[in-house]
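For what it's worth, the numbering used here labels the leading residue of the sequence shown as 8, then goes sequentially. Glycine is no exception: its CB is placed at the ideal position from the N, C-alpha and C atoms.
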Amino acid sequence: SFWVPALNRKADLIPGRVNRLLLDANRPGEYRGQCAEFCGQQHAHMAMYVFADPPNVFRRWLANEARPARKPATPQAREGERLFLNLPCSGCHMIRGTSADGTIGPDLTHLATRTTLAALTLPNKPPDLTHWIEDPQRYKPGSKMPGFSLTSSQRDALVAYLDGLK
8 SFWVPALNRK ADLIPGRVNR LLLDANRPGE YRGQCAEFCG QQHAHMAMYV FADPPNVFRR
68 WLANEARPAR KPATPQAREG ERLFLNLPCS GCHMIRGTSA DGTIGPDLTH LATRTTLAAL
128 TLPNKPPDLT HWIEDPQRYK PGSKMPGFSL TSSQRDALVA YLDGLK
């Protein structure tokens, strides 16, 4: 169950079923939600924000979300894309517009537009993304993402690529 207390709504997630939940915010804002039933080792770290935007802002966001990922703008970010597509990353994560088509982990197509990483565990800033890539179990024990032993130049290239996915 996911629950957004300020919006007075809760929905159960049932494997194999699609549930829909209409949230009607009275005013624009950020509303924190949380997993509302014990679901395993990461229960306390299953959080989210619901962003309620004015219609024009929402339409811009929706149009951007429908687009594939931007092409990397710098040589370092292009190297990061190459690494992402050749390391196990692309087997778990999807980035639309590339050959990365994994479905186990989150879709990272517009990762850099998110405010947090790993369900509100870390801010979405390059240093935090670096820490997450190096040792996700330190920040979210039990997550399916393994840590990676990368050289500093590989790590920096991967972070440059992911930080450019807007």
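For this session: Could you work out which residue in F155, R24, G23 and L20 is closest to F91 when comparing CA atoms only?
Result: Ranking the options by Cα distance to F91, first place goes to F155.
For this session: State buried or exposed for F9, treating a residue as buried only when at least 16 other CB atoms are found within 10 Å of its CB.
Result: Residue environment for F9: buried (at least 16 other C-beta atoms within 10 angstroms of its C-beta).
For this session: Write down the C-beta distance between T116 and L172 rounded to the nearest angstrom, noting that I regard them as a contact closer than 8 Å.
Result: Indeed they touch by this definition, with Cβ atoms about 6 Å apart.
For this session: With distances taken Cα to Cα, identify the nearest neighbour of P134 among L169, Q144 and K78.
Result: Of L169, Q144 and K78, the smallest CA-CA separation from P134 is found for L169.
Exercise. Where does A84 land, buried or exposed, given buried means 16+ other C-beta within 10 angstroms?
Worked result: Around the Cβ of A84, a 10 Å sphere holds 16 or more other Cβ atoms; the residue is buried.
Exercise. Does the stretch 138 to 146 come close enough to the stretch 99 to 119 that 3 or more CB-CB pairs lie under 8 Å?
Worked result: When Cβ pairs closer than 8 Å are counted between the two stretches, the stretch 99 to 119 is seen not to touch the stretch 138 to 146, the count staying below three.
Exercise. K17 bridges to which residues according to DSSP?
Worked result: In DSSP, K17 forms a bridge with W10.
Exercise. Between which two residues does the beta strand (DSSP E) containing G40 stretch?
Worked result: Its beta strand (DSSP E) spans residues G36 to C42.
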